[in-house]
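Numbers 2 to 365, taken from the numbering used here, label the letters of the sequence shown in order. Below is one structure, written out as structure tokens; comments come after it.
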Amino acid sequence: MGIASLARANVRALIPYQSARRIGGQGDVWLNANEYPLGTPYQLESQTFNRYPECQPQTVIARYANYANIPQDHILVSRGADEGITLLFHAFCEPGQDAIIYCPPTYGMYGVCAEAFNVTCHTIPLLDDWQLNLKEIERTLGRVKLIYVCSPNNPTGNLLNQDDLHQLLTISAGRAIVAVDEAYIEFASQTTLVPWLQQFPHLVILRTLSKAFALAGLRCGFTLANPEVITLLLKVIAPYPLATPVAEIAAQALSPQGIVLMQQHVNTILTQRTLLMNELTQCDCVDTIYPSEGNYLIFRSSVAGAIFKSLWDQGIILRDQRKQIGLSNCLRLTVGSADENAKLIAALRAQPTRNTTTIRQETV
Ligand SMILES: *Cc1c(COP(=O)(O)O)cnc(C)c1O
């Protein structure tokens, strides 16, 4: 018998998450993973690593509590927000029985995790305006333990309506956990649901240092929830989820100077996003460019496939979204450095479009 046949059926059938690094590509302009374009240098203080780290490093928790304006017992730190997503499955979903809801087009990990855990995944697409289909969600709640939503939503860039989120929390109260992914919240900070934690014991908020804090390589994320939820998650988390160097650097990133630096980064990105948006509106090959509240933009083009390949060949790597529900002909790009954005615009301006082809044919 082959080894593969020993594996669980759902794992055999599983298509792993297509992370930007797995997809590959060769380039010097990486605009496919919503990373911050420039690195901040950090100094490690520890020189020896013979001791195990703290499970929940005290300084990191205290500083995040201060940053997020929330008590320390409302916080769990983990190996990226992705581990937070996984821990919720561990704690709340009975494999083969329970279900989750997620609402594409959105972040792919919720669905991949459900398959890995053998938990039924109810896919309830966002409406045409990329807002929640609350009627359908309410109708589907039966065996649902977890509802994942994302605001600002990746990859569409829009915020979910606060009234809808409030209604979602109301209809799911006592029945399911609502996990709101705030990976990009620093780019739209006034919209955080943190103040709602007092009122909703089943609200969970996912955060990360990977985006605005420019630390995707660190692998550090946070789950914010009421102590009852945090206690459950602490039962299933690994004994030493954060390596000592990770905890040290996270603490530095969350120091007062670290937070000022992050806010400067956010301002830079927001300025660049406005510039990019204006430039993209003037590119003939771009049919529609959508407003965004994150450090990324999504656009639609009738020649999206050709654009993706041409830029890929030039070492400018975008994220192809054409296979996502509702995103035919869409590509996502990360707002990069001024230099990277200029290269991107130059490459897009040089793209042949359907219009120019038509003109050429007419002239011939
Ligand atoms: C990038 C991203 C994450 C992953 O965060 P990590 O902390 O790097 O694991 C989670 N959710 C969304 C919506 C993201 O875009």
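Note that the Cβ used here is the ideal one computed from N, Cα and C, for glycine as well. All values reported here derive from a predicted model rather than from experimental measurement.
- Remark: the shortest separation between the CB of Arg23 and any heavy atom of ligand 1 does not fall under 8 Å.
- Inclusion of Ala184 in the 8 Å shell around ligand 1 follows from its C-beta lying nearer than that to a non-hydrogen atom of the ligand.
- At the C-beta level, Gly109 and Tyr18 come within 9 Å of one another.
- The criterion of a C-beta distance shorter than 9 Å is not satisfied by Gly26 and Arg220.
- Pro240 and Leu319 have their C-alpha atoms spaced approximately 37 Å apart.
- Judged by the Cβ position, Arg274 fails to qualify as a neighbour of ligand 1 at the 8 Å threshold, every heavy atom of the ligand being at least this far.
- Of the candidates Gly316, Asp314, Gln315, Thr335, Thr335 places its Cα closest to the Cα of Gln322.
- Around Pro156, the same chain offers Ile299, Gln322, Arg333 as residues with beta carbons nearer than 6 Å, after the five sequence neighbours per side are excluded.
- Taking each of Gln168, Val61, Gly143, Leu225 in turn and checking the Cα distance to Ala180, the smallest one comes out for Leu225.
- DSSP places Ile71 outside both helix and strand once states are collapsed to three, so it counts as coil.
- DSSP places His123 inside the beta strand (DSSP E), whose first and last residues are 121 to 124.
- Cβ contact annotation for Ala213 (same chain, cutoff 6 Å, sequence separation greater than five): Glu187, Met263, Val267, in chain order.
- Distance from the CA of Asn11 to the CA of Lys324, rounded to the nearest whole angstrom, comes to 22 Å.
- Listed in chain order, the non-local C-beta contacts of Arg13 below 7 Å within the same chain comprise Ala5, local neighbours out to five positions each way being set aside.
- Around Ala34, the same chain offers Ala21 as residues with beta carbons nearer than 6 Å, after the five sequence neighbours per side are excluded.
- Under the three-pair Cβ rule at 8 Å, the segment 141 to 150 counts as touching the segment 88 to 106.
- Taking C-beta atoms as the reference points, Asp288 and Asn342 fail to come closer than 9 Å.
- Judged by the Cβ position, Asp99 fails to qualify as a neighbour of ligand 1 at the 8 Å threshold, every heavy atom of the ligand being at least this far.
- Within the model, the alpha-carbon separation for Arg301 versus Leu349 is close to 13 Å.
- In the pairwise beta carbon analysis, the segment 308 to 319 is classified as not touching the segment 248 to 259: fewer than three pairs are separated by under 8 Å.
- Taking C-beta separations shorter than 8 Å and ignoring five residues to either side along the sequence, the partners of Asn162 in its chain run Gln132, Leu133, following chain order.
- With a minimum length of 4 residues, the unbroken runs of alpha helix (DSSP H) contained wholly in the segment 291 to 335 fall at 305 to 314.
- For Ile86, the CB contacts under 6 Å within the same chain, skipping 5 residues up- and downstream, are Met110, Cys114 in chain order.
- Within the same chain, Cβ atoms closer than 7 Å to the Cβ of Leu45 are found at Pro246, Glu249, the five residues on either side in sequence being excluded.
- Spatial neighbours of Leu281 in its own chain (CB-CB distance under 8 Å, excluding positions within 5 residues in sequence) are listed in chain order as Val287, Ile290, Leu298, Phe300, Ile346, Leu349.
- Along the segment 36 to 124, the alpha helix (DSSP H) occurs as fully enclosed runs of 4 or more residues at 59 to 69, 81 to 93, 110 to 117, listed in sequence order.
- With at least 16 other beta carbons inside 10 angstroms of its own, Glu294 counts as buried.
- Comparing alpha-carbon positions, the option among Tyr43, Ala69, Ala351 lying closest to Ser190 turns out to be Ala69.
- The beta-carbon separation of Glu139 and Ile172, rounded to 5 Å, stays under the 8 Å limit for a contact.
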